[in-house]
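Protein chains: 2
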Amino acid sequence: MAKFMDVHSGFVGVTEEQLREAHERDLAVEASEGVHFERAWLDPESGKVFCLSSGPSKEAVLRVHEKAGHPTTEIYELPIEIE
Amino acid sequence: MAKFMDVHSGFVGVTEEQLREAHERDLAVEASEGVHFERAWLDPESGKVFCLSSGPSKEAVLRVHEKAGHPTTEIYELPIEIE
Chain A
1 MAKFMDVHSG FVGVTEEQLR EAHERDLAVE ASEGVHFERA WLDPESGKVF
51 CLSSGPSKEA VLRVHEKAGH PTTEIYELPI EIE
Chain D
84 MAKFMDVHSG FVGVTEEQLR EAHERDLAVE ASEGVHFERA WLDPESGKVF
134 CLSSGPSKEA VLRVHEKAGH PTTEIYELPI EIE
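Sequence order for the protein chains is A and D. Counted from 1, the first sequence has number 68 at position 68 by my numbering; the numbering is strictly sequential. My numbering runs 83 ahead of the 1-based position in the second sequence.
Shown next as structure tokens:
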């Protein structure tokens with residue numbers, strides 16, 4: 001399993017409740033792709049969303065977002081993580 | 084205290100050890116700005132680094148990176164976070 005960060009744009013003015021609803025749609029379909037979304041962060045001013053996930057491939061993560069109705073093409077594999 | 088994600092580009096081929104050294108330089112100076120860097124993730128293929136931090140302002144976070152020798156201008160405040 002690899003770790004990924006994907007980035008969405010255009011979520012200007014989105015509320016926490018709306019982000020949670022979108023995230024719940026990811027969680028509802030993620031198992032079909034072997035993906036798990038760990039956390040998501042939103043900057044409602046710029047409209048950027050960052051999603052941290054684990055899964056078998058970039059393509060699998062992007063398919064989950066597509067099935068959930070909020071596709072993106074910007075994703076990075078993160079083999080290196082430090083705390 | 085607010086939460087932030089900043090993004091660096093150009094770290095192509097950087098190793099875990101090199102990222103750790105860079106992160107240690109942040110940790111060495113962060114207290115002077117009231118900032119704490121929680122985690123950092125690197126995609127050595129695209130050269131992107133994502134840093135998750137908390138602190139009083141975007142400017143304070145960026146000053147830490149500048150003092151540590153790896154400035155960036157791309158930063159987002161994250162008032163909304165979900166798990």
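Heads up, the beta-carbon is just placed ideally off N, CA and C, and yes, glycines get one too.
Beta-carbon proximity check, residue i vs residue j, cutoff 9 Å
{"i": "Val-64/A", "j": "Leu-19/A", "result": "no"}
{"i": "Gly-152/D", "j": "Arg-108/D", "result": "yes"}
{"i": "Glu-157/D", "j": "Val-90/D", "result": "yes"}
{"i": "Arg-122/D", "j": "Glu-77/A", "result": "no"}
{"i": "Val-14/A", "j": "Leu-42/A", "result": "yes"}
{"i": "Pro-162/D", "j": "Ala-85/D", "result": "yes"}
Residue i - partner residues in DSSP beta bridges
{"i": "Leu-42/A", "result": "Val-49/A, Ile-163/D"}
{"i": "His-91/D", "result": "Val-132/D"}
{"i": "Gly-55/A", "result": "Ala-2/A"}
{"i": "His-153/D", "result": "Per DSSP, none; premise fails for His-153/D."}
Closest by C-alpha distance to residue i, when choosing among the options
{"i": "Leu-145/D", "options": "Glu-166/D, Gly-130/D, Val-112/D", "result": "Val-112/D"}
{"i": "Glu-116/D", "options": "Lys-141/D, Pro-154/D, Ala-105/D", "result": "Lys-141/D"}
{"i": "Val-118/D", "options": "Lys-150/D, Ala-143/D, Ser-92/D", "result": "Ala-143/D"}
{"i": "Pro-127/D", "options": "Met-88/D, Ser-92/D, Thr-155/D, Phe-87/D", "result": "Ser-92/D"}
{"i": "Met-88/D", "options": "Glu-100/D, Glu-104/D, His-106/D, Phe-120/D", "result": "Phe-120/D"}
{"i": "Pro-71/A", "options": "Glu-16/A, Ser-46/A, Ala-22/A", "result": "Ala-22/A"}
{"i": "Glu-149/D", "options": "Ser-129/D, Glu-100/D, Leu-110/D", "result": "Leu-110/D"}
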